[in-house]
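**Q**
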Amino acid sequence: MNVPATNENLLGVYLKDRRAKLDPTAFGFSSTRRRTPGLRREEVAQRANVSTTWYTWLEQGRGGAPSADVLNRIAGALMLTEVEREHLFLLGLGRPPEVHYQAVESVTPRLQRILDALEFSPAFIKTPIWDVLAWNRAAAAVLTDYGTLPPEKRNILRMMFCEPYIRARQSDWGSVARFVVAAFRTDVARAGASDYVKTFVYDLCRESPEFAAVWGTNDVRTYGEGTKHLHHPIAGVIEMEYSTFAVDGRADLSMVVYNPATPADAERVRMLIDGKREGVVQIAGECEMAR
């Protein structure tokens with residue numbers, strides 16, 4: 027009868043498999059007189075600075091629950107990638123490893139092409155600390171032309187609280203501001219960036235008493251999806267549905283896509299993108315008369 031594998035069994039199988047795929051000569055070990063491919067258990071133990079006996083028990087499914095520190099050392103000894111390290115933690119501890127935020131300044135050309143393919147849907151890619159790294163033509167026309175701003179000014183929170191023109195475009199600035207701060211706090215904590223943003227939060231609290239008051243509520247939200255009413259200075263009110271997507275393999279990035287809610291909203295977006303100012307103003311005026 028087949029016995030279902032326990033997590034300890036799965037951990038041992040995974041460790042043995044990763045060990046067998048390594049080239050001993052790449053680590054300065056001799057490749058001669060080996061009965062099986064890969065590193066020996068004692069060599070992995072040596073590289074991870076753990077006892078050979080304990081590591082052997084771990085592979086055999088009887089070593090008990092390892093600590094996060096030990097798993098990190100074993101991951102380093104086995105030269106695991108980030109996704110392999112995450113899998114190791116899930117098997118060994120039932121949770122992913124603790125995250126440590128690292129700043130990122132750009133996106134890949136492939137991600138930029140994905141943004142550009144969304145011709146009439148404003149979209150951008152942001153970091154966990156809400157810096158906008160990349161955007162498409164629709165976002166520049168409808169939301170903000172981020173390309174006209176220096177990189178340090180392309181932060182959504184800073185724009186929300188310190189730029190009057192951004193404030194004027196919100197249908198209910200107070201509600202939007204509270205939502206943005208709560209979602210920012212969630213993203214920062216998930217990314218392990220709380221220490222990283224201390225100076226940013228301190229500076230923004232000094233610049234904006236309103237931000238300081240909202241930050242002090244300690245609310246948390248997820249960005250998720252919803253509906254936004256944007257008061258555009260040319261097109262008037264544009265209703266858009268937004269969705270947030272994680273970038274697989276890049277836990278430090280997320281993509282936000284806005285889709286026009288109605289055909290009329292889509293036409294406003296198209297005319298803004300095409301630069302047909304007069305046509306947009308006319309449509310906006312007609313909609314105002316219809317209300």
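Counted from 1, the sequence shown has number 154 at position 128 by the numbering used here; the numbering is strictly sequential. Every residue, glycine too, gets a C-beta built ideally from N, C-alpha and C.
1. Quick one: complete alpha helix (DSSP H) runs, 4+ long, within the region 215-253?
2. Does Ala-31 pass the burial test, meaning 16 or more other C-beta atoms within 10 Å, or should it be called exposed?
3. What is the residue span of the beta strand (DSSP E) that Ile-182 lies within?
4. Mind checking who Val-158 pairs with in its DSSP beta bridge?
5. Can you check whether the CB of His-257 is closer than 7 Å to the CB of Arg-204?
6. When DSSP builds the beta bridges, which residues end up paired with Ala-272?
7. Taking Gly-64 as the reference, which of Val-283, Val-263, Arg-73 and Arg-45 has the closest Cα?
8. Give the secondary structure of His-113 by DSSP, where H, G and I count as helix, E and B as strand, and everything else as coil.
9. Judging by CA-CA distance, which residue of Arg-61, Thr-82, Asn-75 and Gly-54 is the nearest neighbour of Arg-67?
10. Ordered along the chain, which non-local residues of its own chain (more than five positions away) have a Cβ less than 8 Å from that of Tyr-172?
11. Using a Cβ-Cβ cutoff of less than 8 Å, which residues in the same chain neighbour Ala-273 once the five nearest sequence positions on both sides are dropped?
12. What is the rounded straight-line gap between the Cα of Ala-215 and the Cα of Glu-145?
13. Quick one: what does DSSP say Asn-98 is sitting in, helix, strand or coil?
14. With burial defined as no fewer than 16 other Cβ atoms inside 10 Å of the residue's Cβ, what is the status of Asp-43: buried or exposed?
**A** Here's the rundown:
1. Runs found: 224-233 and 235-241.
2. Only weak support exists for where Ala-31 lies, its pLDDT of 48 falling under 50; the coordinates are left without a value.
3. No beta strand (DSSP E) contains Ile-182, which is instead part of the alpha helix (DSSP H) from 182-188.
4. Lys-152
5. Contact flag unset, no.
6. Ser-280
7. Arg-45
8. His-113: helix per DSSP, three-state reduction.
9. When only C-alpha atoms are compared, the closest one is Thr-82.
10. Phe-150, Val-158, Trp-161, Ala-165, Ala-166 and Arg-180
11. According to the sequence provided, residue 273 is Val. The question's Ala does not apply to it. Its chain contains Leu-137, Ile-151, Leu-279, Ser-280 and Met-281 as the residues whose beta carbon lies nearer than 8 Å to that of Val-273, once the 5 sequence neighbours on both sides are disregarded; these appear in chain order.
12. Between Ala-215 and Glu-145, the C-alpha separation is close to 33 Å.
13. helix
14. exposed
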